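Enquirer: So the sequence shown is numbered by the working numbering: it starts at 547 and just counts up by one. Just so you know, even glycine gets a beta-carbon here, dropped at the ideal spot from N, CA and C. Source: prediction; values computed, not measured.
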Amino acid sequence: MRNKLNLSYAIAQGTYWMYFCVIISFSSVYLIAKGYSNTEIGWILALLNVISVIMQPIFADMADRSEKLTLVQITVIFSAILVALTVSLFTMKEKSLILTTSFVTIGALLMSLQPLINAIAFNYSSFEIPINYGVARSGGSIFYSALSVVMGSLIVTFGIITVPVIGTVVLLLFIGSLITTEAMYNNYNHTDVKEAGRARAARPDQPVSFISFAKKNKMLFIFSIGTLMVYFQNAVLNNYLFQIIVPIGGTEALMGRLFSFMAILELPALFFFSNLRKKFSYETMLKIASIGYIFKVFLTYLAKTAGFVYIAFLFQMISFPLYLASSVHLVDEVLERSDAIKGQSLITGMMTLSAVFASLLGGIVLDVQGPSSLLLFSTLLCVVGTIVVFVSVGKIKA
C-alpha cells in the first residue's frame, strides 16, 4: 500500500508539472505564435501571477476550514475548470481579449493549485503509509523532463495547437491520479490516523486569517521575502529562456532540451532528500541552494554559447530541489496543523509574486535593453535575497 500510494501521488505531481511545462514554460513560444510582443507577454504573465497570489491564500483558507470537501476534492474541482478553459484554447486563433483572459485564468488557477498539491503529501500521509515528498516530487521532475525534451520538437512539427492538445491530456491524467490517491488513502485501515484525528480534535488551535498568520510567524514571513528575491531569477529563466538563448543561436528545440536537462538534474537531491535531511539541516540546505541560484544565473549572464548555458544550469542540481523540498518540509515541521496549508501558500505565493515582478520587468527590459541586462539585474537581486535567507532562516523555529 505504501508503494502504491507514493506512486499515485508521484503521478499527480508529475502530471501537474507536465501541465506547468505546457502552459508556463512554453508560454512565450505559444503567445509569440499568437501575435503577442515580449512586453505584452510580460504583462500577461505578471497578471496571472498577481491573481494567483491573491487566490492562493483564499484557496488555503478554504482548504483549512472546509468540513464538507476534502483537500483532493477541492483540487479536483478547480482542475476540472482548468480542463474546460484549456479546451477553449482550440477555438482561439490569434491575439484577442478572450485569449488573453483565458490564458491569464488558466495560469492563475494552475499556480494557485501548487500549495494544495504540496499539502496533500502531508495530509494524506500516516505512520503506517507515509508519503515521501522528495521522491514524489522527483516524479514531477521526471515527467516534466520527459515532456520538455519533446515539446519543442512537437510544436515545430505540428504547430502551436500542440499546447492545448497536450495540456488537456495531462490534466485528465492529473485528475485521475488525484482521485486514485484519495481512494487508496480512504480504503486503508490506518488506525494511527484515527488516533491523530482525535488528538487534533482535542487541541485548541483553530484556523486563523492569513494576516493573523503572518503576524504570528514573522520570521517565516521575512524568510519568504528573501525567497521572493531569490526566485526572481528562476522566474526570468522559466518565462524568457527562449528570448535569452535566441541571441546565442538557440531554438525552441534547444529550449526544450534545456528545460529537460534542468529537470533531470533535480532528481538526485529530490529522490534522496530524506537521506540528505539526516546529514544536513533545512537551514543549511536552504543556504546552499540560495548560493547555487546565484551561480546559475550569473553564469547564464556570462554565457556566449549554448554549451556554456548547460554549464550554468548544472547548478540546478543544488538550487531548485534543495530549496523547494527544504522549504516545504520546514513549513510542515514548524507550523501547527491548522496553519500548514497557509504556510505552504505563503512560500508558494512569494515564489509566484517573484514571477509577477520578473514578468513585468522581463518583457520591458528584453524589448529595451536585451537579455544581458535582465540577467545581470536578476543576479544582483538573488544576492540580496540570499543575504535575507541567511539572516532569517535560522530564527524561524525560535
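In the structure shown, what three-state DSSP assignment does MET863 receive?
Expert: Reduced to three states, the DSSP call for MET863 is helix.
Enquirer: For a minimum of 3 consecutive residues, which ranges assigned as the beta strand (DSSP E) are wholly contained in the stretch 767-853?
Expert: With a minimum length of 3 residues, no continuous beta strand (DSSP E) run stays inside the stretch 767-853.
Enquirer: To which residues of the same chain is SER554 closer than 7 Å at the C-beta, ignoring the five residues directly before and after it?
Expert: SER723, THR726, THR727, MET730
Enquirer: Please name the residue, chosen from GLN862, THR925, ALA665, that lies closest to HIS875 on a Cα-to-Cα basis.
Expert: ALA665
Enquirer: Check whether the stretch 808-824 and the stretch 855-874 are in contact - that is, three or more C-beta pairs closer than 8 Å.
Expert: yes
Enquirer: With distances taken between CB atoms, is the gap from ILE512 to ILE857 smaller than 8 Å?
Expert: Residue 512 cannot be examined here, being either before or after the span of the chain that is shown, 547 to 944.
Enquirer: I need the boundaries of the alpha helix (DSSP H) containing ILE623, first residue and last residue.
Expert: Here the alpha helix (DSSP H) through ILE623 covers 617-634.
Enquirer: Out of curiosity, what's the CA-to-CA distance linking GLY581 and LEU921?
Expert: 25 Å
Enquirer: Measuring CB to CB, does LEU787 end up less than 8 Å from LEU813?
Expert: no
Enquirer: Taking C-beta to C-beta, are LEU927 and PHE778 nearer than 8 Å?
Expert: Taking a C-beta distance under 8 Å as the contact criterion, LEU927 and PHE778 qualify as a contact pair.
Enquirer: For the putative contact between VAL681 and PHE817, defined by C-beta atoms under 8 Å, what is the C-beta separation to the nearest angstrom?
Expert: 6 Å
Enquirer: Name the two residues that bound the continuous alpha helix (DSSP H) containing GLN763.
Expert: Checking the sequence, you will find Asn at residue 763 rather than Gln. It is not in any alpha helix (DSSP H) - ASN763 carries neither H nor E in the DSSP assignment.
Enquirer: Where does ASN732 land, buried or exposed, given buried means 16+ other C-beta within 10 angstroms?
Expert: exposed
Enquirer: Per DSSP, what kind of secondary structure is MET697 in: helix, strand or coil?
Expert: Correct three-state label for MET697: helix.
Enquirer: Under the rule that 16 or more other beta-carbon atoms within 10 Å means buried, what is LYS941, buried or exposed?
Expert: exposed
Enquirer: If the criterion is Cβ atoms closer than 8 Å, does the pair SER699 and SER806 meet it?
Expert: no
Enquirer: For LEU832, which option in THR894, VAL776, MET896 has the closest C-alpha, if you only look at C-alpha atoms?
Expert: Proximity to LEU832 across THR894, VAL776, MET896 peaks at VAL776, based on C-alpha coordinates.
Enquirer: Please state the DSSP three-state secondary structure of ILE707.
Expert: Correct three-state label for ILE707: coil.
Enquirer: How many Å lie between ALA747 and ARG611 at the Cα?
Expert: Residue confidence is low: ALA747 scores 39 on pLDDT, short of 50, so the model does not pin down where it sits. No coordinate-derived value is stated.
Enquirer: Taking 8 Å as the threshold (C-beta atoms), are GLY653 and GLY772 in contact?
Expert: no
Enquirer: Would you call the CB atoms of GLN789 and SER574 closer than 8 Å?
Expert: yes
Enquirer: Under 8 Å, do LEU766 and LEU892 count as touching if we go by C-beta distance?
Expert: yes
Enquirer: Can you give me the C-alpha to C-alpha distance between LEU659 and THR925, rounded to a whole angstrom?
Expert: The straight-line gap from Cα to Cα measures roughly 29 Å.
Enquirer: Below 8 Å, how does it come out for the stretch 834-853 and the stretch 792-801: are there three or more Cβ pairs, yes or no?
Expert: Contact holds: three or more Cβ-Cβ distances are below 8 Å.
Enquirer: Please tell me whether GLY588 and GLY908 are closer than 8 Å, where the distance is taken between their beta carbons.
Expert: yes
Enquirer: Could you have a look at ASN669 and say whether DSSP puts it in helix, strand or coil?
Expert: helix
Enquirer: Rounded to whole angstroms, what's the CA-CA distance from ILE712 to VAL782? Just pull it up for me.
Expert: 24 Å
Enquirer: Nearest to THR846 by alpha carbon, out of PHE859, ILE837, GLY838, SER634?
Expert: PHE859
Enquirer: Please confirm whether PHE720 and ALA558 have their CB atoms less than 8 Å apart.
Expert: yes
Enquirer: When DSSP labels each residue in this structure, what does LEU907 get in the three-state scheme?
Expert: helix
Enquirer: When you compare only the Cα positions, how much space is there between GLU586 and VAL855?
Expert: 26 Å
Enquirer: So, at 6 Å on beta carbons, what are the nonlocal neighbours of ALA901 in its own chain, with the 5 sequence-adjacent residues on each side left out?
Expert: ASN595, ALA781
Enquirer: Which residue marks the beginning of the alpha helix (DSSP H) containing GLY931, and which one marks its end?
Expert: 917-938
Enquirer: Going by Cα to Cα distance, which pick from GLN619, VAL618, SER648 is closest to THR632?
Expert: SER648
Enquirer: Closer than 7 Å to a non-hydrogen atom of the ligand PLP - does that hold for the CB of VAL843?
Expert: What this structure holds is no ligand at all, so the ligand PLP is not there to describe.
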